[in-house]
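S.K.: Residue numbers (the working numbering): 430 to 513.
Think of the CB as a built atom: it goes at the ideal place given N, C-alpha and C, for glycine as much as any other residue.
The structure presented is a predicted model; accordingly, all values stated were derived computationally and were not measured.
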Amino acid sequence: MSYLSSLYAADVPHRAVVVYRYLKDRANKDGTCYPAIGTIAKDLKLSRRTVQRAIADLEKGGHLQKEQRWRENGGKSSLLFTVK
430 MSYLSSLYAA DVPHRAVVVY RYLKDRANKD GTCYPAIGTI AKDLKLSRRT VQRAIADLEK
490 GGHLQKEQRW RENGGKSSLL FTVK
């Protein structure tokens, strides 16, 4: 069975499957990666809002964990995604 079987069984929207595959492809051996929403959108030729909805779909289904990263000066950095 492929790693996408759980997504297909969960009947998630197409946008979520595309974003999941993108993140899975860029994840390290621990399943983490940190591309910017704008980068994902540009690479997949989707709107930023569509990518945000897809990430929310994946989080809701338990397929993805999103964590805000912070800079030393207290400013926001990129999001850390953990693909499950």
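Between the alpha carbons of S434 and K453, how many angstroms are there, rounded?
M.R.: Their backbone Cα atoms lie some 14 Å apart in a straight line.
S.K.: Considering only their Cβ atoms, is the gap separating R477 from I466 smaller than 7 Å?
M.R.: Contact: yes.
S.K.: R455: which of R444, T468 and H443 sits nearest, CA to CA?
M.R.: Of the candidates R444, T468 and H443, the one whose C-alpha sits nearest the C-alpha of R455 is T468.
S.K.: Could you work out which residue in L475, G460, L473 and L487 is closest to Y423 when comparing CA atoms only?
M.R.: There is simply no residue 423 to check, as the chain begins at 430 and stops at 513 in what is shown.
S.K.: Taking the alpha-carbon of S507 as reference, which of Y463, K474 and R482 has the nearest alpha-carbon?
M.R.: Residue Y463 is the option with its Cα nearest to S507.
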